[in-house]
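Chains C and W, in that order, are what the protein sequence lines are. At position 29 of the first sequence the residue is numbered 29 (the UniProt record's numbering), and the sequence of numbers has no breaks. At position 15 of the second sequence the residue is numbered 15 (the UniProt record's numbering), and the sequence of numbers has no breaks. Beta carbons are placed, not taken as given, at the ideal position from N, Cα and C, and that holds for glycine. Every value quoted in this text rests on a predicted model; they were computed, and no experiment measured them. Structure, as structure tokens:
There are 2 protein chains.
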Amino acid sequence: MEQKRLEDIDLELATLVRRATAAATDKKLGTLERSAYLLLTQLSAHGPIGVKALSEQFRLDISTVSRQTAVLETKGYIQRLPDPTDGRASNFQITELGMQELQETKQARLVRFSKLFHDWSEEECRMLGQLLAKLNRTFIDE
Amino acid sequence: MEQKRLEDIDLELATLVRRATAAATDKKLGTLERSAYLLLTQLSAHGPIGVKALSEQFRLDISTVSRQTAVLETKGYIQRLPDPTDGRASNFQITELGMQELQETKQARLVRFSKLFHDWSEEECRMLGQLLAKLNRTFIDE
DNA sequence: GCATTATAGTTGTATTGTGCAACTATGTAA
DNA sequence: TTACATAGTTGCACAATACAACTATAATGC
């Protein structure tokens with residue numbers, strides 16, 4: 001692989017992350033933070049799951065996920081179900097309120113992205129989505 | 001533009017940023033932080049420049065850039081040149097030491113990216129670099 | 001059955017990266 | 001020369017993360 005191409009990708013990615021971090025700090029898109037958005041998205045798609053399993057899926061430290069669930073539980077967006085087979089563990093489930101919140105945030109983000117990508121071609125969007133997905137899979141194996 | 005595609009991109013991007021944030025927290029690639037890497041890269045490519053102009057180029061708050069330059073100046077990676085025409089302003093220039101540091105970090109990052117992308121095709125890398133660049137330009141106009 | 005070890009989760013602490021607001025010092029314009 | 005504008009710094013707050021120390025429970029070995 002050519003050095004130039006990889007350096008290119010490196011710099012573009014670093015720039016992208018800087019931009020995204022800055023954006024996350026000031027403007028709240030919808031009301032959910034990025035971390036909460038991703039967590040609720042996961043819970044909306046799959047059954048009840050515990051902190052440990054989540055931390056493995058997300059490849060985050062278990063303490064990080066523990067804090068995230070704590071926040072969402074306090075807000076009433078997720079519900080803690082004690083694990084009947086293990087007294088140490090709990091499983092979390094998204095609530096109706098959490099679903100509403102997720103829907104609103106999703107909608108707000110969609111509006112933003114629609115504006116952002118309005119002059120991108122269908123094909124470019126398809127490619128971008130595909131390559132980002134591959135990139136995320138690539139990071140998993142790291 | 002189809003809703004599904006945009007939601008896809010949204011989620012993949014959010015996931016990517018989460019991964020990148022996590023990676024930045026523990027593993028230091030080379031010795032420079034991401035923010036310092038980008039700042040030094042800019043200074044290595046262009047002439048002396050002040051905090052205000054940098055903050056506009058990067059679209060970051062001037063206070064954020066001020067802190068970044070302060071750190072790099074302390075480490076001796078950049079040098080402050082008082083602006084002869086404006087007593088309030090300074091311009092920064094990368095030093096030899098800064099150049100060395102940048103080179104090392106660049107090399108370390110290249111090694112990592114070479115491994116990461118070893119099973120990507122040339123064409124995929126080209127497309128990814130191109131689309132990320134376009135994406136970054138897209139965020140500029142936001 | 002008890003002692004040891006392993007595991008799920010929480011909490012304290014630290015770090016990176018960011019923005020806003022208040023401030024200082026200097027420059028510019030009325 | 002007084003008022004306003006601008007470059008930069010610093011105090012504070014916050015999101016997101018990891019690591020280490022801890023608690024409570026489970027599992028294992030004997």
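I want to verify the contact list: residues of chain W whose CB lies under 8 Å from the CB of glycine 129 (chain C), in sequence order. Arg5, Asp8, Ile9, Glu12
Helix or strand or just coil, what does DSSP make of leucine 131 (chain C)? helix
For a test of the three-state rule: what should DSSP assign to phenylalanine 113 (chain W), helix, strand or coil? helix
Please work out which residues of its chain come closer than 8 Å, Cβ to Cβ, to alanine 36 (chain C), disregarding the five sequence neighbours upstream and downstream, and give them in chain order. Gln68, Val71, Leu72, Tyr77
Where isoleucine 94 (chain C) and threonine 31 (chain W) are concerned, what is the direct C-alpha to C-alpha distance, given to the nearest angstrom? 41 Å
I need the boundaries of the beta strand (DSSP E) containing serine 90 (chain W), first residue and last residue. 90-94
Look at the Cβ atom of serine 90 (chain W), then the Cβ atom of valine 65 (chain W), and state whether they are nearer than 9 Å. no
Kindly list, in the order they appear in chain W, the residues whose Cβ is closer than 8 Å to that of tyrosine 37 (chain C). Ala14
Looking at the strands, I want to know which residues DSSP matches up with isoleucine 62 (chain C). Looking at the DSSP assignment, isoleucine 62 (chain C) forms no beta bridge with any residue, so it has no partner.
Is it the case that the Cβ atoms of leucine 13 (chain C) and alanine 20 (chain W) are separated by a distance below 9 Å? yes
Collapsed DSSP secondary structure at leucine 32 (chain W) in the structure displayed: coil
Expected contact under 8 Å - CB spacing of leucine 40 (chain C) and leucine 102 (chain C) to nearest Å: 5 Å
Among all the DSSP beta bridges, which residues are the ones paired with alanine 80 (chain W)? Looking at the sequence shown, residue 80 (chain W) is not alanine but arginine. Paired residues: W:Phe92.
On the CB-based measure, 16 or more other CB atoms within 10 Å of its CB, does aspartate 10 (chain C) come out buried or exposed? buried
Just the C-alpha distance for phenylalanine 113 (chain C) and aspartate 83 (chain W), rounded to the nearest angstrom, thanks. 41 Å
I think phenylalanine 92 (chain C) touches isoleucine 62 (chain C), with their Cβ atoms under 8 Å apart; what is that distance to the nearest whole Å? Wrong, their Cβ atoms sit about 14 Å apart, outside the cutoff.
How many Å lie between lysine 134 (chain W) and glycine 87 (chain C) at the Cα? 51 Å
Quick check: the Cα distance between valine 17 (chain C) and arginine 137 (chain C), rounded to an integer number of angstroms? 17 Å
Same chain, Cβ closer than 6 Å to leucine 131 (chain C), five either side skipped, listed in chain order: none
Listed in chain order, which residues of the stretch 46-75 of chain W have Cβ atoms closer than 9 Å to some Cβ of chain C? Phe58, Arg59, Leu60, Asp61, Thr64
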